[in-house]
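**Q**
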Amino acid sequence: MKNGNLYQKLKSANKDYRVALAKRYEIVLAMQRELEEVTRPIIEKYESILNAMENETFEKFKKSLHIAGIYHDYGRFYTSIITNFFAVFLSYVEGEKFIPYRHYENFEISEGSMIIKEEVDKQHDTINYDTLDKLYQNGDVILLDNGFSNMVDFYNYVGEPSYKFGKFNYLREFVNRLIQYRIDNDKKDVKSINEEDLYSFASEFLSAHPDLVAKNKDKREQMLMSQSEEQSIISQCKKLELIPKNNN
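Start counting the sequence shown at 1294; every next residue gets the next number (this note's numbering).
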């Protein structure tokens, strides 16, 4: 009898639970209907605005890609020319000899080109990611991403920089001005830019930035005197040494 009473209580309790659950569901549905009534005019109001903005955004996106594509195309250089030039340019401004990194068979990160301080290069037979990060943070290397085949691309197709210059901020300005120079003079073809063009442009850039010429003058003079004339980096540096006549 007691078990029978307990069973009836269980049935009654389950029924009460289902009734309560159904009432709760009805309240949730009522709330959703009211919310839909309230939000429908807001959604309709902004839906047309968003549709118009979507078209505008897409057009601006296309324009951005178009400009980025131009910047990418004019920011492409032959790897051998641009790495050799940057080694000279960095050596001249910093007063320490930089060289293009040549030992790629021992370089775990082979997707890009690297310019490294000569003294640091002599200290490392192998460069892995951890070592590379430390060298980059110390200002011992700069990194350039290789684009197509034997090319370096300074910007990708969406306008993002592909280089890592670290603390050498003047290189960013130099690259952007160099790209603008190519655009202004319609030098899109990568073959239209040679080493002489780069040194000529560097002449104008250094003349406009006497602080770069002056900041490591003593170190640079010592470097130029201590290296043999036959070394290509030094001989090219001495070309730049003749450029800024007004910074003695």
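Ideal Cβ placement from N, Cα and C applies to all residues, glycine included.
#1: Note down the Cα distance separating residue 1322 from residue 1328, rounded to an integer number of angstroms.
#2: In chain order, what residues of the same chain lie with their CB nearer than 6 Å to the CB of residue 1383, ignoring the 5 residues before and after it?
#3: For residue 1341, which of helix, strand or coil comes out of DSSP?
#4: So residue 1413 is in the beta strand (DSSP E); what residue range does that whole segment cover?
#5: Could you check the C-alpha separation between residue 1499 and residue 1408 for me, to the nearest Å?
#6: Residue 1446 and residue 1502 look like a contact to me (Cβ under 8 Å); what is the Cβ gap, rounded to whole Å?
#7: Pick from 1486, 1375 and 1489: whose alpha carbon is nearest that of residue 1435?
#8: Checking 8 Å against the spacing of the C-beta atoms, do residue 1410 and residue 1426 come in under that value?
#9: Would residue 1345 be called buried (16 or more neighbouring beta carbons within 10 Å of its own) or exposed?
#10: Report the partner residues of residue 1393 according to the DSSP bridge assignment.
#11: Applying the criterion that 16 or more other CB atoms from any shown protein chain within 10 Å of the CB defines a buried residue, is residue 1428 buried or exposed?
#12: DSSP has residue 1454 in a bridge; who is on the other side?
#13: Excluding the 5 residues preceding and the 5 following residue 1516 in the sequence, name in chain order all residues of the same chain whose CB lies nearer than 8 Å to its CB.
#14: Run the CB neighbour count on residue 1386, radius 10 Å, all protein chains shown included, and call it buried at 16 or more, exposed below.
#15: In terms of alpha-carbon separation, which member of 1437, 1381 and 1357 lies closest to residue 1533?
#16: Please state the DSSP three-state secondary structure of residue 1536.
#17: Short check: CB of residue 1486 to CB of residue 1470, under 8 Å?
**A** So, from the listed chains and residues:
#1: 10 Å
#2: 1391
#3: helix
#4: Here residue 1413 belongs to no beta strand (DSSP E); instead the alpha helix (DSSP H) covers 1411-1415.
#5: 20 Å
#6: Actually they are not in contact, since the Cβ atoms of residue 1446 and residue 1502 sit about 25 Å apart, beyond 8 Å.
#7: For residue 1435, the closest alpha carbon among the candidates 1486, 1375 and 1489 is that of 1375.
#8: no
#9: Label assigned to residue 1345: exposed.
#10: According to DSSP, which records beta bridges pairwise, residue 1393 is partnered with 1408.
#11: By the neighbour-count criterion, in which 16 or more other beta carbons inside 10 Å mark a residue as buried, residue 1428 falls on the buried side.
#12: 1448
#13: 1384, 1388, 1389, 1390, 1527 and 1530
#14: buried
#15: 1381
#16: Any reading at residue 1536 must be qualified, since the residue scores a pLDDT of 46, below 50, and its modelled position is unreliable; no value is offered.
#17: no
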